[in-house]
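Each protein sequence line maps, in turn, to chains R and A.
Quick note: the first sequence uses our numbering, first residue 1, plus one each step.
Quick note: the second sequence uses our numbering, first residue 1, plus one each step.
Where a beta carbon is used, it is the ideal one built from N, C-alpha and C, also for glycine.
None of the values given here were measured: they were computed from a predicted structure.
To start, the structure under review is shown below, and the notes come after it.
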Amino acid sequence: MSDKITVALGQMSCRVADKKHNTQTMKKKITQAKRIKADIIAFPELSLTGYVARDRAYELAEPVPNGPSVHEIEKIAKDEGIHIIFGMIERNAKATTILHNTAVLVGPKGYVGKYRKMHLPTHSVFEEKQYFRPGYQTPVFETEVGKIGIMICYDVYFPEITRLLSLKGAKLIVCISASPSVRRRFFETLTAARAIENTVFLAFVNLAGVEDGLQFWGGSRIIAPSGSVISEAKYDVDDFTSAIIDYADISRVQAWAPALRDLRPEIFTSLREEAENL
Amino acid sequence: MLLTKEALKLNLPLTTTRLKRFIRDYVKKTKAQGAVLNLSGGIDSSTAVALTTLALGKNKVLALSLPEKETHSPIDIKHTKMLSRKFGFHLETIDITKILQAYYKAIPAFDPNDRLCKGNVKARARMICLYYCANRQNKIVVGGSDKSETMMGYFTKWGDVAADISPLMDLYKTQVRQLAAYIGVPSEIIAKPSTPQLWPKQLAEDELGITYEILDLILLGLENFMAANEIAEQLNLPLKLVEGVKTRWLSSEHKRRMPLTMKMGYRTIGADFRLPYTPS
């Protein structure tokens, strides 16, 4: 496995509930990614369906991995020889009335895995607990392009997720998002913070465009372990950005700011106790 | 939270870009041929028309001036024409006096001395004209309501608030003034006191009993879950005044929603039918 890979971010706007249209948008950006020889491309949260599907979530949900959309994008990943992360509404295979807000990872050899969003915002304009069951696992995927962790949007407010992913060995954490414009300054701060405190590469890919009066702020970016933004997309509108990341940079930054080395695990017990007693 | 003028300051370039995009996006998604708006010559409607014209282009915007005899204002008419010359949108005038007189005559219980009920007829008559023209031309109706008036319920139910989209509805009046100046609405229009034009010499701030400069700060506090006494203390206002604003805001929620119904079914309109507003 090479230490250097090319990461691409397909910042897109969606047509709500139009999976065919949104898949076409993704295909065009995958073609763009292949032209620059990208190894992996990530798409935003719920990029398959759009974010503001509301009650239509039930009809739009599909099983993962054995659903038509995963199969379609899996085929593209195989044909194009690229890893793809995208967001969709997952129908639970065991209890089909249960839905999840899921990120799917597929690659040149097929389906790799999925991550179900753990923190479901249900405040302000967000209604995710109305529809989704939270996830309970934080997998790190061992792939030909490195060890990859995934999180989704609101997860970024919770440092525990990126901490856990980095402790499990993730070197690149991909945060797929559907963040509206009123939240922009929070995400710009938090994504950099997560990269710094875990000395990982963090790729943040956000929706763009407008759905039901919500402007998604775009601003997708690839952040180095030092917190520097090494590439970024435009605000608000469809765009594409990419960067070559060198995993060797991680150890250089760790030597300078060894946050993982200096962790105090005994604090985690207190954290749990205090959180449970809130 | 500090309730100051600074707290209401807009990033004007970003606000303008996003509101224009919002209008364009909705027109595109609905496959409409453009927009129809009421243009009274007041700041809200003038800003809405100007913004919509900047968003869609002058050929896709029809502004309707809908004066009537009782509240006829030559200066407002002059301002509608001034705005039309400046921004280039199409302006049509429909005098609704005869429509109103027909309504008054046809309603057996009509009382000319009840100025509120009579005034509401005017607002609803204007709505009918707007929607008629919009339907005929396959355009959407863009509203000019602002956040201050909408939160206070200072509008006619199914009247002046009726629209397909209302791009200014998340801006307080004092913020609409900022936007208006930025996008080039003439200063004479911005400086005029607001009026719904339902009866002669009606002025919004007189009726509300408070200037928008103060009202907007009270409403900002309420928006941010501040208690009435906290707001009153910070702004050095009588508690009774702030509580009055809060009461008026809470009691006008019925004006901002679909009609209330009794929940009888599996999913109920206005309660738990949650569908995307915008067609895909």
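Whose C-alpha, out of the options, is nearest the C-alpha of residue i?
i	options	result
G149 (chain R)	R:V7, R:F126, R:T138	R:T138
I40 (chain R)	R:I82, R:K117, R:V52, R:I173	R:I82
V106 (chain R)	R:V145, R:V182, R:G219, R:A17	R:V145
K94 (chain R)	R:E62, R:V104, R:V125, R:K75	R:E62
K129 (chain R)	R:L214, R:P121, R:Y136	R:P121
E127 (chain R)	R:L165, R:A53, R:E80	R:A53
P159 (chain R)	R:W256, R:Y111, R:V16, R:A192	R:A192
I85 (chain R)	R:P65, R:N92, R:I98	R:P65
W256 (chain R)	R:L167, R:T199, R:K34, R:F43	R:T199
F87 (chain A)	A:G57, A:A102, A:D111	A:G57
K37 (chain R)	R:I244, R:P258, R:S270	R:I244
T174 (chain A)	A:P74, A:I218, A:V161	A:I218
S194 (chain A)	A:L208, A:E253, A:K20, A:K98	A:L208
K29 (chain R)	R:D239, R:R183, R:S270	R:D239
Y154 (chain A)	A:A227, A:E68, A:A123, A:R24	A:A123
C117 (chain A)	A:V142, A:K69, A:W199, A:H79	A:W199
G227 (chain R)	R:G213, R:T241, R:F204, R:D212	R:F204
I73 (chain R)	R:L167, R:S47, R:T143, R:R252	R:S47
M1 (chain A)	A:L260, A:L241, A:M226	A:M226
L250 (chain A)	A:T150, A:M169, A:N113, A:A106	A:T150
R194 (chain R)	R:R185, R:V229, R:T162, R:L9	R:T162
N138 (chain A)	A:A32, A:R248, A:V245	A:A32
What distance in whole Å lies between the Cβ atoms of residue j and residue i, which are believed to be in contact at a cut-off of 8 Å?
i	j	result
T102 (chain R)	M88 (chain R)	6 Å
K192 (chain A)	L171 (chain A)	K192 (chain A) to L171 (chain A), Cβ: 18 Å. No contact.
T71 (chain A)	Q197 (chain A)	5 Å
P225 (chain R)	D249 (chain R)	6 Å
K29 (chain A)	P279 (chain A)	6 Å
M262 (chain A)	I269 (chain A)	Not really, about 11 Å apart at Cβ, beyond 8 Å.
L64 (chain A)	C129 (chain A)	6 Å
F282 (chain A)	V49 (chain A)	Absent from the structure is residue 282 (chain A), since the part of chain A shown begins at 1 and ends at 280.
I140 (chain A)	Y212 (chain A)	The pair is not a contact, with the Cβ atoms about 28 Å apart (cut-off 8 Å).
H35 (chain A)	T52 (chain A)	The sequence shown places Ala at residue 35 (chain A), rather than the His named in the question. The pair is a contact, with the Cβ atoms about 5 Å apart (cut-off 8 Å).
G50 (chain R)	R15 (chain R)	6 Å
Name, in chain order, the residues that DSSP records as bridge partners for residue i.
i	result
Q215 (chain R)	R:V210
V106 (chain R)	R:I84, R:Y111
F132 (chain R)	R:L99
L10 (chain A)	Bridge partners of L10 (chain A): none, in fact.
A125 (chain A)	BP columns for A125 (chain A) are empty, so no partner.
T17 (chain A)	Its beta-bridge partners do not exist; DSSP assigns none.
A91 (chain R)	For the record, residue 91 (chain R) in the displayed sequence is Arg; it is not Ala. Note: R91 (chain R) sits in a beta bridge opposite R:L99.
R221 (chain R)	R:F204, R:E232
H90 (chain A)	A:L62
D246 (chain R)	R:K4
M82 (chain A)	Answer by DSSP bridge pairing: none, since M82 (chain A) is not bridged.
Which bits of chain A does residue i rub up against, with CB to CB less than 8 Å?
i	result
Q318 (chain R)	This structure gives no information on residue 318 (chain R), because the portion of chain R shown stretches from 1 to 278.
E211 (chain R)	P276, T278
Run the CB neighbour count on residue i, radius 10 Å, all protein chains shown included, and call it buried at 16 or more, exposed below.
i	result
Q24 (chain R)	exposed
G265 (chain A)	exposed
I173 (chain R)	buried
D158 (chain A)	Contrary to the premise, residue 158 (chain A) reads as Trp rather than Asp in this sequence. Its Cβ having fewer than 16 others within 10 Å, W158 (chain A) is exposed.
P167 (chain A)	buried
V185 (chain A)	buried
Q215 (chain R)	buried
L66 (chain A)	buried
D206 (chain A)	exposed
P180 (chain R)	buried
G113 (chain R)	buried
Q11 (chain R)	buried
K19 (chain R)	buried
F201 (chain R)	buried
N135 (chain A)	exposed
A162 (chain A)	buried
Y132 (chain A)	exposed
K171 (chain R)	buried
R116 (chain R)	buried
Which bits of chain A does residue i rub up against, with CB to CB less than 7 Å?
i	result
E80 (chain R)	Here the premise fails: no neighbours, minimum Cβ distance about 27 Å.
V200 (chain R)	Result: empty, since nearest Cβ-Cβ is about 31 Å, beyond 7 Å.
V64 (chain R)	Chain A residues near V64 (chain R): none, gap ~22 Å exceeds 7 Å.
Report the neighbours of residue i on chain R: residues whose CB is nearer than 8 Å to its CB, in chain order.
i	result
R274 (chain A)	R54, D55, E127, Q130
D25 (chain A)	G209, V210
If the cut is a Cβ gap below 9 Å, which residues of chain A does residue i touch?
i	result
V182 (chain R)	Within chain A, no residue comes near V182 (chain R); the closest Cβ sits about 10 Å away, beyond 9 Å.
Return yes when the C-beta of residue i is under 7 Å from any heavy atom of the ligand PLP, and no when it is not.
i	result
D114 (chain A)	Looking at this structure, you won't find the ligand PLP or any other ligand, since it has none at all.
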